[in-house]
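Asks: Next up is a structure, given as structure tokens.
Residue numbers (the numbering used here): 395 to 806.
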């Protein structure tokens, strides 16, 4: 199994780099530069290519080798990073995202989205049912490591490395990953789809996907399970910045510290699944813990709005808010590993020629749910106020707990 998991870990790590770049680095720099919460949230439209994975998922799953798609898309990511290195933004323009940089970041997301489909297709072909728990742990943990390296790591390196040096380093990383994807023995042994296995490209493709047992329920779950958590995690660090935490300190806790806790949670989730814990009861338990953690964080936020609340160094309140930040990421990691295992279990119920497209459908809905609240959270806070906004997040976090009672037997 190690021969399968190690190359998957390296490839999922580089897949997380664009997300960390745009979720860990850009929001802090733009907010520190004076942008409103609404405008900071709207930068998430750069993730748009991830919502259209269903356009190319049938091609990746049925035309040519997934290994070739993976190699070419990863090499293309290196090329985009090379272009970013050659086109640094103008000095003093940190408060605004230059159009050329935004366009290249959009291409970076496009390449990463194609890479994601190819890599998930290979993972489903590689992993046996008993290996799904460890496999999805590797997927989630490696992806988060990549995001923290490109988020908190870049915040730490910005004073040392120039813009061209930073993106040349990323380009070299992608080209090494492309070589890994092409040369790994475990990936070379996977068969390419045969012409007789190719699904018909008709208007009934979506119907075929939805007809797979458990798909409709799983689609509803992945669309809603992160709504409250994502809204809170998008706003809470920026509100701490408004209340006196410095950008470097916030970058350390919200990138390195929080993602380390998220990785620990994901690893614990994988260990529990490997110990033959039933998936749905485990998911119910961790969702309940997450709701309790969010309730504590919301209480702290309400207290921060009082006149006597201070986030001075060494205070109990400062420690409590940073602890709540890390706790929510830990519980979020647990929930994510269990949910991605659920998604892959559901996709393996589909015919082999549809599995890549089926998993892309579920992954697109999962991302859509996260982007919806991540993008609108700032506007909700500006219009509704923080108290009502975070109360809404609490209510949204309770919905998936109730929804689990409707799970079909095929996924039990």
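Even for Gly, the Cβ is constructed at its ideal location relative to N, Cα and C.
1. Measure the beta-carbon distance from residue 478 to residue 498 and round it to whole angstroms, keeping in mind my assumption that it falls under 8 Å.
2. Between the Cα of residue 408 and the Cα atoms of 450, 572 and 462, which residue gives the shortest distance?
3. Rounded to whole angstroms, what is the Cα-Cα separation between residue 783 and residue 449?
4. Give the DSSP-derived three-state secondary structure of residue 744 in the structure shown.
5. Kindly indicate the opening and closing residues of the alpha helix (DSSP H) around residue 763.
6. Per DSSP, what kind of secondary structure is residue 703 in: helix, strand or coil?
7. With the cut-off set at 8 Å, would you say residue 722 and residue 688 are in Cβ contact?
8. Residue 794: buried (16+ other C-beta within 10 angstroms of its C-beta) or exposed?
9. From residue 662 to residue 804, what does the alpha carbon distance come to, in whole angstroms?
10. With distance defined between alpha-carbon atoms, name the residue in 633, 758 and 744 nearest to residue 712.
11. Would you please state the rounded distance, in angstroms, between the beta carbons of residue 798 and residue 671? I believe it to be under 8 Å.
12. For residue 530 and residue 412, which I take to be in contact (beta-carbon distance under 8 Å), what is that distance rounded to the nearest angstrom?
13. Over the uninterrupted alpha helix (DSSP H) stretch that includes residue 684, give me the two end residues.
14. So residue 807 packs on residue 676, CB below 8 Å; how close in whole Å?
15. According to the neighbour-count rule (16 or more other Cβ atoms, all chains shown, within 10 Å of its Cβ), is residue 684 buried or exposed?
16. How many angstroms separate the CA atom of residue 863 from the CA atom of residue 444?
17. Relative to the alpha-carbon of residue 453, which residue among 754, 790 and 543 has its alpha-carbon at the smallest distance?
18. Nearest by alpha-carbon distance to residue 475: which of 561, 640 and 403 is it?
Replies: So, to answer that:
1. 5 Å
2. 572
3. 34 Å
4. coil
5. 749-778
6. coil
7. yes
8. buried
9. 25 Å
10. 633
11. Wrong, their Cβ atoms sit about 15 Å apart, outside the cutoff.
12. Not quite, the Cβ-Cβ distance comes to about 20 Å (not below 8 Å), so this is no contact.
13. 673-698
14. No answer is possible for residue 807: the residues shown for the chain start at 395 and end at 806.
15. buried
16. Residue coverage of the chain in this structure runs from 395 to 806, which leaves residue 863 outside it and unanswerable.
17. 754
18. 561
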